[in-house]
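Peer 1:
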Amino acid sequence: MISIDRSIIFQIINFLVLVALLFRFLFKPVVQALDKRSNHIREEMEKIEKEKKAAEEMRLKYEEESKNIQIKFQEMQELANQEAVRIKSKIIDEAYQESEKIKQTAEEKARIEIDKLYSELKLDIIDISTEMAAKLLHERIDISKQDQLIEQLLEEAIGKIEIKSDVQYGQQQ
Amino acid sequence: MDSSNKEIVKFITPFPMTELQKNIVKNKLSRIGNIDQMIFQEEVDTSLIGGIIIIFGEMLIDCSLRTQLDKIKEGMI
Amino acid sequence: MENLGPHILFMIGPLPVTTTVIATWLVMGFLVLVSILITRKLQFLPGRLQNLLELFVEGIMNMIDDMAPSRGRIFLPLVGTLALFIGAANLTGLVPGLEAPTSDFNTALALALIVFAAVPYYGVKIQGWKNYLKTYISPSPVMAPFHIISEITRTFSLALRLFGNILGEEIVIAILFILAPIFVPVPMMLFAIFTGVIQAYIFTILTIVYLSAAVEKEGET
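Protein chains in written order, with my numbering: chain A, 24 to 196; chain B, 34 to 110; chain C, 28 to 248.
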């Protein structure tokens, strides 16, 4: 049963031919298909990785930008606040000065008015009091007192005139 | 001395003058002038209140209470 | 019993065309035809048959890579063909009127000789003459004859193991057919399928072991 004949050469050749045929029709195309698929999967993975990275970068960029915008916004807000405070104080100052001026003018006017009133009142009082004194004197003075008045007042006035005219007469004589 | 040389002296009083008053006035005037050469005229003005105003040539002797009051009033103003 | 064993049908030149050779051609034709049918329309998303084929190819490559790292692609055509051919040939015996080509010692020895030749071929190809020859004198030149003897004997043992198992099994089935032709041989045939696959696996894995030993670099193991 165990016999070796020349058919062994046939079998060797047969097997080598089979290796070649299966290589051509089986292993090569299948390996290629497998490679293609794994390549495709790798490419897809790389693509996904790349996209993920890009998205991450984008996210970081946006974060950075939004942070910047926030900072800028805060700065602007602060500036606006300062400006508002400045304008506010300016308006208040102006209003204060204006009111001060109005107050002063009003005080001035009031003072002048009071002064006027006061002097008018004074004049009135003087007038009235003089008038009253005149009336009073009028009632008190009669002929008997007239004698005395004339005597005294004339004496006084003549005395003055005498002193003046002494000099004049002295020159004439 | 002619009468034409006589000076007119005007008395203004609130009441008509009595003889006594006239004498007093003449007596006083005699010290500054010759009363014989004077012609006296009298006038009554009640607004003087008291005293006398004498107009004597260009001289005015105002001894009225009214004037005294006015002076006081001016002093007050 | 006269039917058992190959006999010469006709001659092509000096070479005899035996029943074994015819059976071998049939197996070859079957394998190539199936391969062409499946790979003719390989798809990106594999169907059931293509999936099976891919699983087989990947399995062989993984087996090689396990023992000889990153040699899967180089050894795949030889090892894969061995596995497919021996498996298919072993099962051919179950088809009535056909004998398994591997039950002919010429076939088994032919396969073993191919492995015997492939070992130095790949050894030289991958390591170079010098490094490959060094493996024969390691760990000492005294070992060289033993290396050579071991290669020869293991080749014969490879051939005999395959041939003996398959032939023995065929004889058993044939005897059982004679004794109790209807029901008894059926479980034996099922067992034969198992044996055929196992023998194909053993031959294949031993081939991988021999090849990996030949391409290992000195001192790397």
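Glycine included, every Cβ here is placed at the ideal spot set by N, Cα and C.
Is the separation between the beta-carbon of serine 239 of chain C and that of alanine 144 of chain C shorter than 7 Å?
Peer 2: Going by C-beta atoms, serine 239 of chain C is not nearer than 7 Å to alanine 144 of chain C.
Peer 1: I believe leucine 111 of chain C touches leucine 58 of chain C by the beta-carbon criterion, under 8 Å. Please report the beta-carbon distance rounded to the nearest angstrom.
Peer 2: Confirmed, about 6 Å.
Peer 1: For the region 59 to 67 of chain C against the region 40 to 51 of chain A, do three or more pairs of beta-carbon atoms, one drawn from each stretch, fall closer than 8 Å, so that the two count as touching?
Peer 2: Result yes; three or more Cβ-Cβ pairs closer than 8 Å.
Peer 1: Since methionine 38 of chain C sits in a beta bridge, which residues does DSSP pair it with?
Peer 2: C/Pro43.
Peer 1: Measure from the C-beta of glutamine 169 of chain A to each C-beta in chain B and report whether the shortest distance is under 7 Å.
Peer 2: Yes, because at least one Cβ of chain B sits closer than 7 Å to the Cβ of glutamine 169 of chain A.
Peer 1: Under 8 Å Cβ-Cβ, which residues of chain C neighbour phenylalanine 96 of chain A?
Peer 2: Going along chain C, no residue has its Cβ under 8 Å from phenylalanine 96 of chain A, so there is no contact; the nearest lies around 53 Å.
Peer 1: At a Cβ threshold of 7 Å, is glycine 90 of chain B touching chain A?
Peer 2: Answer no: the Cβ-Cβ gap between glycine 90 of chain B and chain A never drops below 7 Å.
Peer 1: Which residue's Cα is closest to the Cα of alanine 116 of chain C: C/Val142, C/Tyr148, C/Phe190, C/Leu103?
Peer 2: The shortest Cα separation from alanine 116 of chain C among C/Val142, C/Tyr148, C/Phe190, C/Leu103 belongs to C/Phe190.
Peer 1: Per DSSP, which one or two residues make a beta bridge with glutamine 74 of chain B?
Peer 2: B/Lys43, per the DSSP bridge assignment.
Peer 1: Taking Cβ-Cβ distances below 9 Å as the criterion, which residues of the region 25 to 39 of chain A are in contact with chain C?
Peer 2: Flagged, chain order: Ile25, Ser26, Ile27, Asp28, Arg29, Ser30, Ile31, Ile32, Phe33, Gln34, Ile35, Ile36, Asn37, Phe38, Leu39.
Peer 1: Pull the bridge partners of serine 97 of chain B from the DSSP assignment, please.
Peer 2: B/Gly84, per the DSSP bridge assignment.
Peer 1: Any beta carbon from chain A within less than 7 Å of methionine 34 of chain B's own beta carbon?
Peer 2: Caution is warranted here: a pLDDT of 44 is assigned to methionine 34 of chain B, below 50, making its placement in the model unreliable, and the coordinate value is therefore given only provisionally. No, methionine 34 of chain B does not count as interfacial toward chain A.
Peer 1: Give the C-beta separation of isoleucine 35 of chain C and proline 43 of chain C to the nearest angstrom, bearing in mind that I take them to be a contact with Cβ-Cβ under 8 Å.
Peer 2: Right, the Cβ-Cβ distance comes to about 4 Å (below 8 Å), so this counts as a contact.
Peer 1: Could you tell me the distance, in whole angstroms, from the CA atom of glutamine 171 of chain A to the CA atom of lysine 139 of chain A?
Peer 2: The straight-line gap from Cα to Cα measures roughly 42 Å.
Peer 1: Counting only C-beta atoms, is alanine 241 of chain C closer than 7 Å to chain A at any point?
Peer 2: Chain A contact via Cβ: absent.
Peer 1: So, using beta-carbon positions, are lysine 106 of chain B and isoleucine 149 of chain A closer together than 7 Å?
Peer 2: In contact: lysine 106 of chain B and isoleucine 149 of chain A (Cβ atoms closer than 7 Å).
Peer 1: Classify methionine 50 of chain B: buried if its beta carbon has 16 or more other beta carbons within 10 angstroms, exposed otherwise.
Peer 2: By the neighbour-count rule (16 or more Cβ atoms within 10 Å), methionine 50 of chain B is buried.
Peer 1: Check whether the Cβ of glycine 83 of chain B lies closer than 7 Å to any Cβ atom in chain E.
Peer 2: The question asks about chain E, but that chain is absent: this structure's protein chains are A, B and C.
Peer 1: Please state whether DSSP places phenylalanine 57 of chain C in a helix, a strand or coil.
Peer 2: Phenylalanine 57 of chain C falls in the helix class under three-state DSSP.
Peer 1: Taking only heavy atoms of the ligand GDP into account, decide whether any of them is closer than 6 Å to the Cβ of alanine 157 of chain A.
Peer 2: What this structure holds is no ligand at all, so the ligand GDP is not there to describe.
Peer 1: Can you find the residues in the same chain that come closer than 8 Å, C-beta to C-beta, to leucine 125 of chain C, ignoring five residues on each side of it along the sequence?
Peer 2: Within the same chain, leucine 125 of chain C has close Cβ partners Ala50, Leu53, Thr119.
Peer 1: State the Cα-Cα distance for the pair glutamate 197 of chain C and asparagine 133 of chain C, rounded to the nearest angstrom.
Peer 2: The alpha-carbon atoms of glutamate 197 of chain C and asparagine 133 of chain C are separated by roughly 16 Å.
Peer 1: So, are the CB atoms of tyrosine 237 of chain C and valine 151 of chain C less than 7 Å apart?
Peer 2: Contact flag unset, no.
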